[in-house]
Amino acid sequence: MKHAVITGAAHGIGKALAHRFAQAGYAITGVDMDTAGAARVDRELDARFVIADLRSDTGIARVLPKLIQGKPIDVLIHNAGINAVGRFSDINIETQEQVIAVNFYAPMRLTAALLKADRIANGASIVFISSLSHYTSYPGAATYAATKSGLASYARSLSIALAPQNIHVMTVFPGPTRTAHARRHSPQNTREEKRMPPEKLAHHIFRGVQKKKHLIVPGATNRMFALLGKWCPPLMEYAMRKVILEKL
Amino acid sequence: MQSKKTVLITGATDGIGRALAKIYRTRGDRLILVGRRTLDTLNNPLYTKNTYCRADLSQDKCADRVCEFLNAQKIDAIDLAIQNAGTGYFGPIAEQSAESIREITAVNLMAPLRLTHALMPYLQANGKLVLIGSITHAFPCPDYAVYAASKEALNTLGRNLKIENDINVQIIHPGATRTGLHRKIGMDNEKTKKFPSAEKVAQKITQAIDGRRLVATIGWQNAWARFLGRYCEGIVNAMVRTT
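Note that the protein sequences, when read in sequence, are chains A and B. Quick note: the first sequence uses the working numbering, first residue 5, plus one each step. Quick note: the second sequence uses the working numbering, first residue 182, plus one each step.
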């Protein structure tokens with residue numbers, strides 16, 4: 005039985021990923037800080053959970069030995085992420101530091117330690133959940149955007165570093181997703197039905213892992229925005245300022 | 182005749198930071214030099230108790246140290262804040278210690294974030310914030326992935342701060358430079374000796390700061406390399422893969 009480790013697996017995209025990989029016959033180990041949410045997913049899937057807060061070194065130190073003593077990992081998905089929305093100067097600095105800790109620092113720490121402990125199986129996939137903001141910009145969440153772009157860069161380097169060991173690395177750039185996380189952090193939720201359901205995103209990611217893709221931007225609309233943001237940054241930056249920043 | 186400016190430089194005891202400090206001193210500017218070393222180890226008239234602020238940028242409270250220094254010096258506005266301090270690691274990803282990952286994240290990303298946040302009131306009127314990135318942010322760097330990732334994060338932070346438009350931000354990406362960093366991270370070899378000197382690079386950085394470009398790359402070869410790394414990802418990845 006193959007083994008998938010998913011961080012932030014109690015809710016949203018992580019939960020959908022847990023379901024999708026379990027459906028394909030994977031044994032699931034989830035990492036999350038929400039005991040009640042984890043218990044719910046656990047009941048649904050018979051997943052194993054490590055309860056830890058990835059904002060702190062102590063949280064990371066709690067997760068690592070459990071993963072290192074566990075079965076070799078065939079799919080590792082760095083999905084846990086937090087956001088802080090507002091103008092940079094208005095968001096208190098401790099909150100922004102936590103965004104860096106969870107979104108950027110924790111995935112790099114976990115990856116390096118699991119590689120060193122030889123816990124990543126031959127032929128495994130390591131998946132990083134970045135964000136469409138890497139292409140489009142995200143004024144009103146400058147720190148979040150910074151961590152997600154940093155993560156994409158790390159994954160790009162890792163992909164080349166680990167190719168000789170037959171470890172596949174994939175970066176996912178999801179656009180707006182219909183999760184509680186998105187609802188909390190959006191200036192308005194009137195068009196929530198336009199956001200991609202997490203189940204659909206999880207399916208895209210599952211297929212990307214099977215096909216050993218390196219980059220995926222799920223959804224045709226998102227791909228169009230990514231292209232525009234990459235080749236004509238001022239246009240997307242203007243749009244993001246109108247749609248997000250000025251509505252905060 | 183330019184009027185005297187107040188210029189803050191982090192990572193000012195070595196390499197590009199020190200070279201920048203020398204240039205602004207010749208211009209007659211008021212310097213605030215931030216570094217980790219103690220003042221008595223710095224034998225240079227640049228560093229005095231009125232110009233040198235000792236702060237370890239890998240620590241949580243680093244921005245408080247800098248603000249305390251500014252208060253003690255009765256400085257309430259900064260014209261130019263150059264966040265230049267950076268650290269690195271060179272070697273296999275699996276061999277990099279937890280402490281090294283923490284330190285690079287702290288110095289290259291957290292500290293600029295903390296300082297930018299803390300310095301915003303000082304920069305309000307006509308101040309300019311300069312983030313020193315690196316062209317590596319546009320490349321896959323299997324031997325220094327965390328470093329490149331921290332610089333990519335910094336680049337994106339700058340991009341979004343620019344859109345938010347609460348302060349004047351500029352991002353400057355130098356290429357490889359002959360500084361103490363390479364020796365420190367064990368990358369000292371024949372290749373690093375060919376890199377341009379910190380003085381040369383600092384000179385070009387000050388020209389970029391005097392100019393108007395919001396994102397500037399130092400050196401036209403570096404500018405091309407950065408363009409390719411960003412826009413021809415597949416080709417560049419394949420090139421790095423085979424070397």
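C-beta: ideal position from N, C-alpha, C; glycine also.
On the DSSP bridge assignment, give the partners of residue i in chain order.
i, result
"A/Met200", "A/Thr181"
"B/Ile263", "B/Ile190, B/Val311"
"A/Met240", "Its beta-bridge partners do not exist; DSSP assigns none."
"A/Met174", "A/Val131"
"B/Tyr398", "Before going further, note that residue 398 of chain B is Thr rather than Tyr in the sequence given. BP columns for B/Thr398 point to B/His354."
"A/Phe53", "A/Gly34"
"A/His82", "A/Phe132"
"A/Leu219", "A/Thr175"
"A/Ile97", "A/Ile97 is not bridged to any residue."
"B/Gly216", "B/Arg235"
"A/Ile10", "A/Gly34, A/Ile81"
Between residue i and residue j, what straight-line distance do the alpha-carbon atoms span, to the nearest angstrom?
i, j, result
"B/Val350", "B/Gly267", "18 Å"
"A/Lys251", "A/Gly212", "34 Å"
"A/Lys70", "A/Val54", "7 Å"
"B/Arg211", "B/Val288", "24 Å"
"B/Ala275", "A/Gly154", "18 Å"
"A/Arg47", "A/Thr39", "12 Å"
"A/Ile164", "B/Gln305", "43 Å"
"B/Arg283", "B/Asn265", "18 Å"
"A/Ala150", "A/Leu80", "22 Å"
"A/Ala224", "A/Ala186", "19 Å"
"B/Ala200", "B/Tyr233", "15 Å"
"B/Arg393", "B/Val311", "12 Å"
"A/Arg91", "A/Ala125", "42 Å"
"B/Met182", "B/Thr373", "Unreliable placement is indicated for B/Met182, whose pLDDT of 45 sits below 50; no coordinate value is reported for it."
"B/Ile197", "B/Gly269", "15 Å"
"A/Asp94", "A/Pro191", "15 Å"
"B/Ala258", "B/Tyr303", "4 Å"
"A/Lys120", "A/Pro143", "37 Å"
"A/Gly127", "A/Lys19", "24 Å"
"A/Phe177", "A/Arg160", "13 Å"
"A/Ile130", "A/Leu136", "19 Å"
"B/Thr424", "A/Ile248", "42 Å"
"B/Asn225", "B/Ile352", "29 Å"
"B/Ala330", "B/Ala404", "19 Å"
"A/Ile97", "B/Asp221", "32 Å"
"A/Ala22", "B/Gln254", "56 Å"
What do you get for residue i, buried or exposed, if any count of 16 or more other CB atoms within 10 angstroms of its CB means buried?
i, result
"B/Cys243", "buried"
"B/Arg340", "buried"
"A/Glu197", "exposed"
"A/Ala51", "buried"
"B/Pro273", "exposed"
"A/Cys236", "exposed"
"B/Gly361", "exposed"
"B/Thr219", "exposed"
"B/Arg359", "buried"
"B/Tyr228", "buried"
"B/Lys332", "buried"
"A/Pro76", "exposed"
"A/Thr183", "buried"
"B/Gly367", "exposed"
Check whether chain B comes within 9 Å of residue i, counting only Cβ atoms and requiring the distance to be less than that.
i, result
"A/Pro143", "yes"
"A/Asp57", "no"
"A/Leu21", "no"
"A/Ala165", "yes"
"A/Ser190", "no"
"A/Ser157", "yes"
"A/Arg182", "no"
"A/Val9", "no"
"A/Met228", "no"
"A/Met112", "yes"
"A/Glu196", "no"
Shorter than 9 Å from the beta carbon of residue i to some beta carbon of chain A?
i, result
"B/Pro273", "yes"
"B/Gln240", "no"
"B/Thr297", "yes"
"B/Asp324", "yes"
"B/Ser184", "no"
"B/Val288", "no"
"B/Ile486", "The structure shown has nothing for residue 486 of chain B, since chain B only spans 182 to 424."
"B/Leu338", "yes"
"B/Tyr412", "yes"
State the CB to CB distance for the pair residue i and residue j, rounded to an integer number of angstroms; the pair is presumed to be in contact (CB under 8 Å).
i, j, result
"B/Ile399", "B/His354", "7 Å"
"B/Thr191", "B/Leu296", "7 Å"
"B/Gly216", "B/Ala193", "5 Å"
"A/Thr175", "A/Leu205", "So it is not a contact: roughly 14 Å between Cβ atoms."
"A/Val45", "A/Gly34", "6 Å"
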